[in-house]
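Student: Residue numbers for the sequence shown follow our numbering, beginning at 671 and rising by one.
We treat Cβ as the ideally placed atom computed from N, Cα and C, and that holds for glycine.
Note that the structure is a prediction, hence the values are computed from the model and not measured.
One structure, as structure tokens, below. Some questions next.
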Amino acid sequence: MTSPIYQIRPMTRGELDLAVDWAAAEGWNPGLHDADCFYNADPTGFLMGFLDGAPIASISAVKYGESFGFIGFYIVKPEFRGQGYGLAIWHSALAYLKGRNVGLDGVVAQQDNYVKSGFSLAYRNIRYAGVGNGQADDSGCVPLANLSVETVIEYDGRFFPEVRSHFTPCWIAQPNSHAVAMVQGQTLKGYGVLRLCHSGYKIGPLFADTANVADGIFQALIAKVPAGDSFYLDVPEVNGAAVALAKRYNMHYVFETARMYTQTTPELPLSGIFGVTTFELG
Numbered sequence: 671m672t673s674p675i676y677q678i679r680p681m682t683r684g685e686l687d688l689a690v691d692w693a694a695a696e697g698w699n700p701g702l703h704d705a706d707c708f709y710n711a712d713p714t715g716f717l718m719g720f721l722d723g724a725p726i727a728s729i730s731a732v733k734y735g736e737s738f739g740f741i742g743f744y745i746v747k748p749e750f751r752g753q754g755y756g757l758a759i760w761h762s763a764l765a766y767l768k769g770r771n772v773g774l775d776g777v778v779a780q781q782d783n784y785v786k787s788g789f790s791l792a793y794r795n796i797r798y799a800g801v802g803n804g805q806a807d808d809s810g811c812v813p814l815a816n817l818s819v820e821t822v823i824e825y826d827g828r829f830f831p832e833v834r835s836h837f838t839p840c841w842i843a844q845p846n847s848h849a850v851a852m853v854q855g856q857t858l859k860g861y862g863v864l865r866l867c868h869s870g871y872k873i874g875p876l877f878a879d880t881a882n883v884a885d886g887i888f889q890a891l892i893a894k895v896p897a898g899d900s901f902y903l904d905v906p907e908v909n910g911a912a913v914a915l916a917k918r919y920n921m922h923y924v925f926e927t928a929r930m931y932t933q934t935t936p937e938l939p940l941s942g943i944f945g946v947t948t949f950e951l952g
């Protein structure tokens with residue numbers, strides 16, 4: 671009997687839809703239109719493992735700029751776990767990102783395994799959940815589309831290790847989403863995106879110069895959530911003002927991830943990160 675043949679190669683755009691379905695089955699609750707923007711970020715950065723031609727494993731290893739990368743979508747179909755297929759695609763992802771500082775949001779139970787691969791804990795990200803109440807929006811926010819894409823990309827780049835020139839334009843204009851900004855004079859002070867997911871809605875990113883600005887953007891976004899529907903916000907625990915924001919609106923803890931990096935933790939203004947963009951792409 672011949673041994674099964676295991677091959678790893680970049681996904682096609684259509685195969686990424688399958689990986690998103692796997693993520694949904696794992697309970698990660700991806701957005702309905704995430705795949706287009708994810709693939710836009712790095713079309714060669716999504717890998718799939720095939721056993722005798724059948725897809726059984728996935729991972730994303732997205733390159734940003736010249737110095738940073740982010741790993742996500744690390745999934746092996748349950749019946750094929752513990753047989754080395756996941757480790758093989760993991761090593762392929764790290765090889766693709768060789769020489770870069772690599773980040774990930776890993777479940778706490780896997781933290782020790784990531785340490786063995788050279789990752790170090792930076793801080794925890796906490797997922798909070800709330801319920802829409804149909805409240806009115808009196809925040810004074812404006813549609814993000816009122817601003818130039820270049821302005822948004824520049825502002826977004828302050829809160830990420832590299833400028834996300836391919837990802838951000840898609841992310842802020844995806845279907846079934848709302849993107850708003852707080853502007854003072856002619857200056858962008860913060861922005862946020864709310865998108866429809868398999869279950870409820872997610873806010874991300876939520877970047878702001880101050881806690882008051884973040885609160886206004888948050889109000890504007892949750893006003894778009896239908897009464898009774900769930901919404902989620904992924905918060906860096908090290909930003910006490912972000913945790914306070916979630917609790918002020920009666921959001922409750924769902925789970926947490928370990929934000930880890932292979933090199934030093936990027937010097938970012940964490941006090942301005944009130945909501946992580948995604949756990950899959952950073």
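Can you tell me whether Val1005 is buried or exposed, with buried defined as 16 or more other CB within 10 angstroms of its CB?
Tutor: Past the edges of the chain, shown from 671 to 952, lies residue 1005, and the structure says nothing about it.
Student: Give the secondary structure of Phe830 by DSSP, where H, G and I count as helix, E and B as strand, and everything else as coil.
Tutor: In the sequence shown, the residue the question calls residue 830 occupies position 160. Three-state DSSP puts Phe830 in coil, outside helix and strand.
Student: Tell me the residue span of the alpha helix (DSSP H) that contains Tyr919.
Tutor: The residue labelled residue 919 in the question sits at position 249 within the sequence shown. Note, Tyr919: premise wrong, no alpha helix (DSSP H); not H, not E.
Student: Measuring CB to CB, does Leu891 end up less than 7 Å from Gly862?
Tutor: Within the sequence shown, residue 891 is the residue found at index 221, counting from 1. Within the sequence shown, residue 862 is the residue found at index 192, counting from 1. Inclusion of Leu891 and Gly862 in the CB contact set at 7 Å is warranted, their separation being smaller than that value.
Student: Quick check: what's the CA-CA separation for Arg751 versus Ala758?
Tutor: On the sequence shown, position 81 is the one that residue 751 refers to. On the sequence shown, position 88 is the one that residue 758 refers to. Rounded to the nearest angstrom, the two C-alpha atoms are 12 Å apart.
Student: Taking all protein chains shown into account, do 16 or more other C-beta atoms lie within 10 angstroms of the C-beta of Gly952, making it buried, or fewer, making it exposed?
Tutor: The residue labelled residue 952 in the question sits at position 282 within the sequence shown. Buried, since its Cβ has 16 or more Cβ neighbours within 10 Å.
Student: Per DSSP, what are the beta-bridge partners of Gly739 in this structure?
Tutor: Mapped onto the sequence shown, residue 739 falls at position 69. Lys733, Val772.
Student: For Leu866, name the three-state secondary structure that DSSP assigns.
Tutor: Here residue 866 refers to the residue found at position 196 of the sequence shown. Three-state DSSP puts Leu866 in a strand.
Student: Taking the alpha carbon of Pro700 as the point to measure from, which residue in Glu749, Arg865, Ser737, Gln933 has its own alpha carbon closest?
Tutor: What you label residue 700 is simply residue 30 of the sequence shown in a count that begins at 1. Per the Cα distances, Arg865.
Student: Among all the DSSP beta bridges, which residues are the ones paired with Gly860?
Tutor: Translated into the one-based positions of the sequence shown, residue 860 becomes position 190. Bridge partners of Gly860: Met852, Ala878.
Student: If you run the structure through DSSP and keep just helix, strand and coil, what is Ser941?
Tutor: The residue you call residue 941 lines up with position 271 of the sequence shown. Here Ser941 sits in helix by DSSP.
Student: Please identify the residue among Glu937, Val946, Tyr931, Phe949 whose C-alpha is closest to the C-alpha of Gly788.
Tutor: Counting from one through the sequence shown, the residue named residue 788 turns up at place 118. That would be Tyr931, whose Cα lies nearest to the Cα of Gly788.
Student: In or out: Ser737 buried (at least 16 other Cβ within 10 Å) or exposed?
Tutor: On the sequence shown, residue 737 is found 67 positions in, with the first residue counted as 1. With fewer than 16 Cβ atoms within 10 Å of its Cβ, Ser737 is classed as exposed.
Student: Scan the region 881-911 and note each continuous beta strand (DSSP E) run of 3 residues or more that stays entirely inside, going in chain order.
Tutor: Along the region 881-911, the beta strand (DSSP E) occurs as fully enclosed runs of 3 or more residues at 900-906, listed in sequence order.
Student: If you follow the alpha helix (DSSP H) that Gly684 is in, where does it begin and where does it stop?
Tutor: Position 14 of the sequence shown holds residue 684. Counting along the chain, the alpha helix (DSSP H) containing Gly684 begins and ends at 683-695.
Student: List the residues that DSSP assigns as beta-bridge partners of Leu817.
Tutor: Taking the first residue of the sequence shown as position 1, residue 817 is located at position 147. The partner list for Leu817 (beta bridge, DSSP) is empty, contrary to what the question assumes.
Student: With distances taken between CB atoms, is the gap from Ile726 to Ala763 smaller than 7 Å?
Tutor: Within the sequence shown, residue 726 is the residue found at index 56, counting from 1. Within the sequence shown, residue 763 is the residue found at index 93, counting from 1. Not closer than 7 Å, so no.
Student: List the residues that DSSP assigns as beta-bridge partners of Gly800.
Tutor: Numbered from 1 along the sequence shown, position 130 holds the residue referred to as residue 800. Answer is Phe901.
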